[in-house]
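For the sequence shown, the working numbering assigns the number -13 to the initial residue and increments by one for each residue that follows.
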Amino acid sequence: TSDSTRYDYLLAAESDQDLSQAWSLWASLALFVATFVGLLFLSILCNNKTRKNAFNLYLVYLMVPDLVFSGGCGVTCLMNSIRGRYWSEK
């Protein structure tokens, strides 16, 4: 539009097809990592023997940011891929 600034458009943007393929790849990879980390997280917490070890609890607390980031990235990339452009664009 005529009132767009230079920050509204990427100067060296990839084609929509390339972006969609990249988002699909990132979504599948991130959701796989989130699933794996989530299963590992639950397996440590559900087993009394592993939960009593302080190092395993340390690992559980380190997994929380990985789980949140991977899950959020996977969902956002999937939404962008389905939509065909950035989710924040109108």
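Beta carbons: idealized from backbone N, C-alpha and C, even for Gly.
Which residue marks the beginning of the alpha helix (DSSP H) containing residue i, and which one marks its end?
i	result
Ser1	No alpha helix (DSSP H) contains Ser1, which DSSP labels as neither H nor E.
Consult DSSP for residue i and reduce its assignment to one of helix, strand or coil.
i	result
Trp73	coil
Lys140	Any answer about residue 140 is impossible in this case: the structure gives the chain only from -13 up to 76.
Asn33	coil
Whose C-beta lies closer than 6 angstroms to the C-beta of residue i among residues of the same chain, with five residues either side of it excluded?
i	result
Trp12	Cys63
Trp73	Met65 and Asn66
Give every residue of the same chain whose Cβ lies closer than 8 angstroms to the Cβ of residue i, excluding the five residues on either side of it in the sequence, and list them in chain order.
i	result
Leu45	Ile30
Looking at residue j and residue i, is the spacing between their C-beta atoms short of 7 angstroms?
i	j	result
Asp4	Gly70	no
Gly60	Ala16	yes
Counting only the same chain and skipping the five closest in sequence on each side, list residues whose C-beta sits under 7 angstroms from that of residue i.
i	result
Phe27	Val46, Met49 and Leu53
Discussion item. Whether or not the segment 20 to 29 and the segment 53 to 69 are in contact is what I'm after, with contact meaning three or more pairs of Cβ atoms, one per stretch, closer than 8 angstroms; do they touch?
Written reply: yes
Fill in: Touch test, the segment 25 to 33 against the segment 57 to 75, Cβ-Cβ under 8 angstroms, three pairs minimum
no
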